[in-house]
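Report on the following structure.
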Amino acid sequence: MLGSQLPTEQELTAQFDVSRSTVREAVRILQAQGLLSGGDTVSTSRPRVSGELTNATAGAALENALRLGSVPLPDLVELRLLLEGAAVTTADPGRLADAREALAVMHTSGTDVVAFHAADVRFHISLAGAGGNSAFPLVMGALRDAIGGHLRGALEALADPAPTLAQLAGEHTAILAALDAGDGELARQLVHAHIWGFYSRDVASES
Numbered sequence: 000m001l002g003s004q005l006p007t008e009q010e011l012t013a014q015f016d017v018s019r020s021t022v023r024e025a026v027r028i029l030q031a032q033g034l035l036s037g038g039d040t041v042s043t044s045r046p047r048v049s050g051e052l053t054n055a056t057a058g059a060a061l062e063n064a065l066r067l068g069s070v071p072l073p074d075l076v077e078l079r080l081l082l083e084g085a086a087v088t089t090a091d092p093g094r095l096a097d098a099r100e101a102l103a104v105m106h107t108s109g110t111d112v113v114a115f116h117a118a119d120v121r122f123h124i125s126l127a128g129a130g131g132n133s134a135f136p137l138v139m140g141a142l143r144d145a146i147g148g149h150l151r152g153a154l155e156a157l158a159d160p161a162p163t164l165a166q167l168a169g170e171h172t173a174i175l176a177a178l179d180a181g182d183g184e185l186a187r188q189l190v191h192a193h194i195w196g197f198y199s200r201d202v203a204s205e206s
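Position one of the sequence shown corresponds to residue 0 (numbering that gives the first Met the number 0), numbered consecutively onward.
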């Protein structure tokens, strides 16, 4: 019922065997949809049912969001392709300041896989939000948390990460160039080739 409290962050983490960041992203997504109310995080409080919803309805929505962590990786990659592809076709170059800053970090991170991965996450979430749809970056954040371990693990497994990091940074540069030129379709194609190429070449082989 309206105002009812759902389980705490710790309880949700244990119940669904997911990380705290996954719980927080799931709650943010449902808050953006108006299904839950509360603060930005649920670490010290319980999310509350918002609007004309039953506790069961909100609980089911939260459960679905949390179960992203158990979805097969290829399915998550396919969803990411659809999401980012749709986002960049309508992206406004003026909304890509965060992506540009993240790309600068990638070009100067050397072989620091941790720094590169963090910048990569920032870059792609910026792309997801550049079209103006506020739900896209929230869903993208949840997706990235669900597959981030695989991506980072693939990079850390490389004996010499320098060539791969340079290639990925170059692909990011090309995506931004297409967006700056106003070619959303080319950007979509480049995003698809970038995501699928890295997954099929580096991630799938490590899975």
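Note that the Cβ used here is the ideal one computed from N, Cα and C, for glycine as well.
Just so we're clear, the structure is a prediction, and the values are computed from it rather than from any experiment.
Who are the Cβ neighbours of L102 in its own chain at under 8 Å, not counting the five residues just before and after it? A118, F122, A168, H171, T172, L175
Please classify T89: does DSSP put it in a helix, a strand, or coil? coil
Residue closest to P162, alpha-carbon to alpha-carbon, out of L11, D74, S108, E100: S108
Would you say the region 87-98 touches the region 135-153, given that touching needs at least three Cβ pairs under 8 Å? no
Return the CA-CA distance between A177 and V104, expressed in angstroms with no decimal places. 20 Å
What did DSSP end up calling P71 once you bin it into helix, strand or coil? coil
Span of the alpha helix (DSSP H), counted from its first residue to its last, around L102: 96-107
Excluding the five sequence neighbours on either side, which residues of its own chain have a C-beta within less than 6 Å of the C-beta of V22, listed in chain order? E8, L11, T12
C-alpha gap between L189 and E83, whole angstroms: 11 Å
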